[in-house]
Amino acid sequence: MNFWLMKSEPTTFSVDDFAKLPEQISPWEGVRNYQARNYMRAMKVGDQGFFYHSSCPAPGIMGIMQVVKAAYPDETAWDPTSPYFDPRSTRENPRWDRVDVQLVTRLQEPVLLKTLHTLASELGEFPLLQRGNRLSVLPVTEAQWKRILPMT
DNA sequence: GCCAACGTTGGC
DNA sequence: GCCAACGTTGGC
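At position 105 of the first sequence (counting the first as 1) the number is 104 in numbering that gives the first Met the number 0, and the numbers step up by one without a gap.
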C-alpha cells in the first residue's frame, strides 16, 4: 500500500463538501500537472491519503481518504464549459486522469501545516514542507504516514 | 495583496 | 535544445 497527500482549495472543494457526498466518494479531477497526474496513475485501490486544505487561512490536513477507483480519464478536460477544459486532451488520446477517493475520517481537529513544520526534522524529506513546492498530489512515505497519523 | 518558486509555452 | 516570458501556486 502507498500513501499520498492531496491538496484542495476549500473554496473549490472543502472537507465539508466532501462529507456531504453520498458515500463520501468523489472523483479527484482537474489535475493539470504531469507529475501529479503520474502520481495518480501510480495509485492503487486501497491506497490511503491525507486530504489537505491549501490557499486558506489555516492550511492543513483535514481528513483521511482512501482510493476507491484507480486512474481513468478525466472527462472534464473534454468539456468546453469546465474550468478544467483542455482542448489538447481528446477521447482518443486522453491527456489527464482522475481517481476516485473516499473520505474515511474527517478529523476533529486539523493537523495544521504549522504543526507539520515543527516536525520537519523527524519527517525528513517531505515535499509539502519544501520551499516552492507546488504539487497538488504528492507521495507520503510510510514512516511519515505513521508519524502523522497519531496526531489526527 | 505580495512575492518567491516553479511549470509551461513558444520563438529562435 | 535553449531560454525568456508568462501564468499559476500557495504561504504569509
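No residue lacks a Cβ here, since even glycine has one placed at the ideal position from N, Cα and C.
Just measuring C-alpha positions, the residue of T10, M0, N37, W3 sitting nearest R97 is N37.
The alpha-carbon separation between A57 and E8 amounts to approximately 11 Å. With a cutoff of 7 Å on beta-carbon distance, T151 and V100 are scored as not near each other.
Inter-residue distance for H52 and Q65 is about 17 Å (C-alpha atoms, whole angstroms). Nearest neighbour of M5 by Cα position, chosen from R146, P149, V139, turns out to be V139.
Distance between P21 and G29, taken at the CA atoms: about 20 Å.
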